[in-house]
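A short write-up of the structure that comes next.
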Amino acid sequence: MPLPKRKTTKARQGDRRSHLHLVAQELIECPQCHQPKLPHVACPSCGTYDGRAVLDVETKVKKKAEKAAKAEKTAKGETAKTEVKAVKPEKVKKEKPAKAEKPEKEKKAKTEIAEKSTKAEKAAEAAEKPAKVKKEKKKEA
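Next comes the structure, spelled out in structure tokens:
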């Protein structure tokens, strides 16, 4: 990744960023209601644009009032719901059913393997014992 050869000075940085400044929006006076509004936009207070009624402001005001009332009700209702949640008993976890037993074939195979290993161990022990006995007899003689 390329790196700059020299440090960018504050002056150069400021020159570069000189066009990034914010500009305050200019407001004009509505010709109908004389309230401030953005140019080329319908007036939010009376709903007119270029001398014609474009927005139905009355219904917007009613909708805002209804929305605010609904928000208040839900805020009050949420506190009641949280209290109810605290009163409700916790759910009991369901116990998982016991694992099904393995089929008989697998059981038999495991027992056979175990028997074979024990037989092999016994045979190895038996093979060692006679050798020891023979050595002991030779020593005695």
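Residue -9 is where the sequence shown starts when you use our numbering, and the numbers rise one by one after that. No residue lacks a Cβ here, since even glycine has one placed at the ideal position from N, Cα and C. Computed from a predicted model, the values in this text were never measured in an experiment.
Measuring CB to CB, does L28 end up less than 8 Å from G37? Your numbering for residue 28 matches position 38 in the sequence shown. Your numbering for residue 37 matches position 47 in the sequence shown. The answer is no: Cβ separation not under 8 Å.
Host alpha helix (DSSP H) of E1 (start-end): Your numbering for residue 1 matches position 11 in the sequence shown. The identity of residue 1 in the sequence shown is Ala, whereas the question assumes Glu. Judged by DSSP secondary structure, A1 falls within the alpha helix (DSSP H) whose first and last residues are K0 to R6.
Distance, L17 Cα to R7 Cα: Looking up residue 7 in the sequence shown gives position 17. Looking up residue 17 in the sequence shown gives position 27. Roughly 26 Å separates the two Cα atoms.
Rounded straight-line distance, which links the Cα of Q15 to that of K(-5): As a working note, residue -5 is residue 5 in the sequence shown. As a working note, residue 15 is residue 25 in the sequence shown. When rounded, the distance between both Cα atoms is 40 Å.
Counting only the same chain and skipping the five closest in sequence on each side, list residues whose C-beta sits under 6 Å from that of C20. Counted from its first residue, the sequence shown places residue 20 at position 30. Only K27 and C33 meet the Cβ criterion.
Taking the straight line between their C-alpha atoms, what separation do you get for T(-1) and D5? Locating residue -1 in the sequence shown gives position 9, where the first residue counts as 1. Locating residue 5 in the sequence shown gives position 15, where the first residue counts as 1. Taking the straight line from one Cα to the other gives about 10 Å.
Length of the line joining the Cα atoms of E105 and A113: In the sequence shown, the residue the question calls residue 105 occupies position 115. In the sequence shown, the residue the question calls residue 113 occupies position 123. If you draw a straight line from the Cα of E105 to the Cα of A113, it is about 12 Å long.
Reference C23, options H11, R42, V13 and H9, closest by Cα: Position 33 of the sequence shown, counted from the first residue, corresponds to residue 23. Out of H11, R42, V13 and H9, the CA that lies nearest to the CA of C23 is found in R42.
Could you pull out every residue in the same chain whose Cβ sits closer than 6 Å to the Cβ of E103, ignoring the five residues on either side in sequence? One-based indexing of the sequence shown puts residue 103 at position 113. As written in the sequence, residue 103 is Ile, which differs from the Glu given in the question. Excluding five sequence positions before and after I103, none of the CB atoms of its chain fall closer than 6 Å to its own CB.
Residues near Q25 by beta carbon distance below 6 Å, same chain, minus five either side: Sequence index remark: in the sequence shown, residue 25 carries index 35 (1-based). Excluding positions up to five away in sequence, the list reads S35.
State the Cα-Cα distance for the pair A55 and E48, rounded to the nearest angstrom. Taking the sequence shown and counting its residues from 1, one reaches residue 55 at position 65. Taking the sequence shown and counting its residues from 1, one reaches residue 48 at position 58. Near 11 Å, if we compare the C-alpha coordinates of E48 and A55.
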